[in-house]
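Numbering (our numbering), first residue to last: 141 to 542. Beta carbons are placed, not taken as given, at the ideal position from N, Cα and C, and that holds for glycine. Structure record follows, encoded as structure tokens.
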Ligand code: CTP
């Protein structure tokens, strides 16, 4: 699992730094290659000699190596890594990572890293529950980082509470589980629709909705990180993807999205219909701006857009999975089940506009996943990337059943 993996271990200035020596030893024993980066303060708690001996590599803690003047490239390190673990992560480093204060080698490397990042906080209980720490950890989660929650117990201050860095053995288990899981969509092709569609009225006006695309993009990242080849068909959004396993097709209207999906879904193992597709479009699109010349109030005549999920459902092959989304305001469960049947879905992800912090524009979501047989599982409110992981876990289970 960890054999041959390149792991950056970032150490910051906290008492728990002594435990990180054990983590490095465990990683090396598991076959990983480890590069330790220490903040200048971390060196007050544990010596670089201990860590370089255990890792078999010189420890990096400055932008330049003092005696040779050699520049340590944070960009190269960021690209080299398969994962980065910051343990212990102090309140100060967490704040710097959350806000991009790149004043040391560790945070600079973090900002350059393309690999998943794991953060194991360690601090006193009052610091841990301070609004700023809670907020900064929330921000780190929303960027897709994995927070390894600290344990509750006796702290360096001799106070009892939450703030003890998780034990090295458990941090190792989190990493092993991550790399284990990462392979579960290998060689699968997943088509995902995301974002809103935009239906033009004239060259300056359109009909659309509030979808930000965040849920669909989080799903694309999650599937790609677990080994899938992803085709992401997206309506107009301001999000970016930076993953070679994701090919993005940008579209504007529901018709364009329909055509793009039909083109790419033939060989797909899974299609996830996450886009908020406009059900109707203006029957005619004015070639010039509609002017306010007359006293009459114009009436916009609409016509039906194609139902993309239904079209994919009609062509679905044996072994192909079709996942839909439903955003409801009332009769949530029965409406969702109705959609499963109508569109030949295998699973539907239901979110209710009645739930706070769920749905459009926000970074979190609270979903219930319902299967074709009517069984359902309700999840807590979580960052969209974690919701994406829950959805993909369900998909992987259904794929195994086929
Ligand atoms: N969907 C689609 N094409 C459409 C409308 C919806 O592919 N023209 C997909 C959505 O991406 C989602 C699922 O169908 O996965 C359900 O979308 P929703 O808007 O809730 O369903 P509708 O069939 O439009 O029903 P209603 O708006 O009446 O609730």
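Would you decide whether residue 145 is buried or exposed? Buried here means 16 or more other CB atoms lie within 10 Å of its CB.
Buried, by the Cβ-count rule.
Count the other CB atoms, across all protein chains shown, that sit within 10 Å of the CB of residue 335; report buried if there are 16 or more and exposed otherwise.
Residue 335 comes out buried.
For the structure I just gave you, are there three or more beta carbon pairs, one from the region 479 to 491 and one from the region 501 to 519, closer than 8 Å?
They touch, by the three-pair rule.
Within 10 angstroms of the Cβ of residue 493, are there 16 or more other Cβ atoms? Answer buried if so, exposed if not.
Exposed is the call here.
Go to residue 350, then tell me how far its alpha helix (DSSP H) extends in each direction, as first and last residue.
Run containing residue 350: none; DSSP gives neither H nor E here.
Who does residue 444 pair with in a DSSP beta bridge?
Per DSSP, 420.
Looking at the secondary structure, which residues open and close the alpha helix (DSSP H) in which residue 356 lies?
Note, residue 356: alpha helix (DSSP H), 354 to 365.
Use the C-beta contact count for residue 179: other C-beta atoms within 10 angstroms, 16 or more gives buried, fewer gives exposed.
Buried, since its Cβ has 16 or more Cβ neighbours within 10 Å.
I want to check one thing, is the minimum distance from the CB of residue 363 to the heavy atoms of ligand 1 below 8 Å?
It does not: the Cβ of residue 363 is nowhere closer than 8 Å to a heavy atom of ligand 1.
Could you tell me if residue 365 is buried or exposed, where buried requires 16 or more neighbouring beta carbons within 10 angstroms of its beta carbon?
It counts as buried.
Counting only runs of 3+ residues fully inside the region 213 to 273, write out the beta strand (DSSP E) ranges in chain order.
Entirely contained in the region 213 to 273, the beta strand (DSSP E) runs reaching 3 residues are, in chain order, 223 to 229, 257 to 261.
Report the option in 534, 156, 472 whose CA atom is closest to the CA atom of residue 307.
The shortest Cα separation from residue 307 among 534, 156, 472 belongs to 156.
Residue 278 by DSSP, collapsed to three states: which one?
DSSP places residue 278 in helix when its eight states are reduced to three.
Considering just the uninterrupted stretch of the alpha helix (DSSP H) at residue 295, what are its terminal residues?
No alpha helix (DSSP H) contains residue 295, which DSSP labels as neither H nor E.
Which term fits residue 328, buried or exposed, when burial requires 16 or more other beta carbons within 10 angstroms of its beta carbon?
With 16 or more other Cβ atoms within 10 Å, it is buried.
Leaving out five residues before and five after residue 446 in sequence, what residues of the same chain have Cβ atoms less than 7 Å from its Cβ?
Within the same chain, residue 446 has close Cβ partners 394, 395, 398.
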